[in-house]
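Let me begin by presenting the structure, written as structure tokens, before commenting on it.
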Amino acid sequence: MRLKRIFMPFERREIFRRFDDAAPQCCRDCPQRSVHLEVPKIMLRRLYRQRRRILLFITLFSVAFAIFAVGNTEFRFVVKNEMNGNTTLFITIATGLVTVGAGLLAALVVLLAPGYRRALEPAGLALVLQAIIERSLSGMPIWDHVSAFTWISFFAIFYAIAFALERDFLRSAGLKMTYHARATRKLNATPAAIWAAIAPSQETMRSYWTGSLTRVDARPDWGPEAYEVHFRLGAFGTLVQRHVRTIWDWPHRFSYDYAPVDDVPRRAGVRGRCKAELAKVSDDQVEVATEDEIIELGFGTWSLLWLDDSAQSDLDALQARLSGRRDWSIAGWSARKMAMA
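In terms of our numbering, the numbers along the sequence shown are unbroken and rise by one, the last being 537.
Put into structure tokens, the structure is as follows:
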């Protein structure tokens with residue numbers, strides 16, 4: 197019964213509640229309990245948001261190991277003759293170690309060097325391709341001279357491909373994708389405070405959650421409810437968008453369409469629709485439901501948003517800002533880079 201209770205599927209919020217309840221009694225009685233548990237819980241949350249990227253890297257790493265194990269004559273000889281017939285046990289242990297090792301490596305990158313998280317997919321693909329080439333060329337004299345450089349070469353190639361897929365010049369070939377995501381979260385704040393953090397307007401420039409909103413001007417010449425909105429865009433300057441509000445019901449819900457004002461090709465993907473609904477649950481708690489639809493994206497940008505679980509990560513950043521705590525989310529880290537904060 198105890199094992200059934202431990203391994204029974206439960207919701208994400210239950211993971212963090214059980215983690216909190218499992219704290220030692222001395223920590224639970226400590227007045228700084230929430231501070232002590234903040235970092236481990238945030239680490240778990242960031243890892244969960246990056247679960248797709250971590251699982252993808254583990255899969256690619258495991259596939260590369262399987263190809264190596266099947267195609268490597270010396271490895272098969274050791275397994276067959278040196279393990280006293282315990283082949284199944286050895287393969288099970290080896291697979292487990294490879295999986296754990298790949299997962300730990302990906303987790304370290306996500307936690308300690310989030311700016312390099314995008315290198316995990318090219319690295320995994322390079323390992324698979326190297327294993328395939330090694331199996332095909334093993335035993336040939338040329339392999340002894342090129343094997344040391346293959347992984348670096350393949351990694352550079354795949355990284356360059358991933359970078360190229362983000363470029364909008366590929367739209368001419370019809371490579372356009374739409375990213376659509378929904379997220380819901382209960383936040384301990386008032387509807388007015390949440391609205392001020394997520395609704396871009398003249399009144400919310402100082403409180404907008406990304407810290408990069410610099411200017412909002414009404415543009416009646418563009419049409420009713422049309423606005424020119426400026427965002428700081430890191431070292432590249434300013435992103436100017438056209439916002440057309442279709443719903444603006446303070447502080448309950450809003451919806452607006454956005455598109456770049458200028459026709460700069462590299463900004464052609466930043467167009468779409470943003471929606472949010474705020475439902476008051478209690479005096480100090482509000483349920484926030486967001487919906488994002490971004491069109492005309494390159495595959496690289498689409499995959500980045502999907503692997504980052506961007507909609508949920510945005511709410512992580514919003515929650516940290518409203519609670520006054522340090523923001524450890526990937527969305528918050530990216531927003532600080534863009535806002536140069």
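From the three backbone atoms N, C-alpha and C, an ideal C-beta is built for every residue, glycine too.
Following the DSSP letters along the chain, one finds R517 inside the alpha helix (DSSP H) bounded by residues S506 to S519.
Cβ-Cβ distances below 6 angstroms link R438 to A455 and V457 in the same chain, with the five nearest sequence neighbours on each side left out; the list follows chain order. The three-state reading of DSSP puts W444 in strand, counting E and B together.
Looking only at I357, W502, G520 and Q481, the smallest Cα-Cα distance to I250 is reached by W502.
Contact between the stretch 519–527 and the stretch 257–268 is absent, with fewer than three C-beta pairs closer than 8 angstroms. Here V324 carries a helix assignment [DSSP, helix/strand/coil]. Distances from the CA of A388 to each of R532, L500, E483 and R378 were compared; the closest alpha carbon is that of E483.
Secondary structure of M373 (DSSP, three-state): strand. Residue environment for S349: exposed (fewer than 16 other C-beta atoms within 10 angstroms of its C-beta). When DSSP states are grouped into helix, strand and coil, D453 belongs to the strand group. With distances taken between CA atoms, A531 lies nearest to W405 out of A309, W405 and D453. Nearest to L474 by C-alpha distance, out of A290, I357, R381 and G311, is R381. When rounded, the separation of the alpha-carbon atoms in G297 and A507 is 29 angstroms. Between the C-alpha atoms of P447 and S478 there is a straight-line separation of about 15 angstroms. The beta strand (DSSP E) runs of length 3 or more contained entirely in the stretch 414–438 are, from start to end of the chain, 422–428.
Distance from the CA atom of V436 to the CA atom of I490, rounded to whole angstroms, is 16 angstroms. For R532, the enclosing alpha helix (DSSP H) begins and ends at I526 to A535. The secondary-structure analysis by DSSP pairs D479 with nothing; it has no beta-bridge partner. Put simply, the backbone Cα of A322 is about 28 angstroms away from that of E492.
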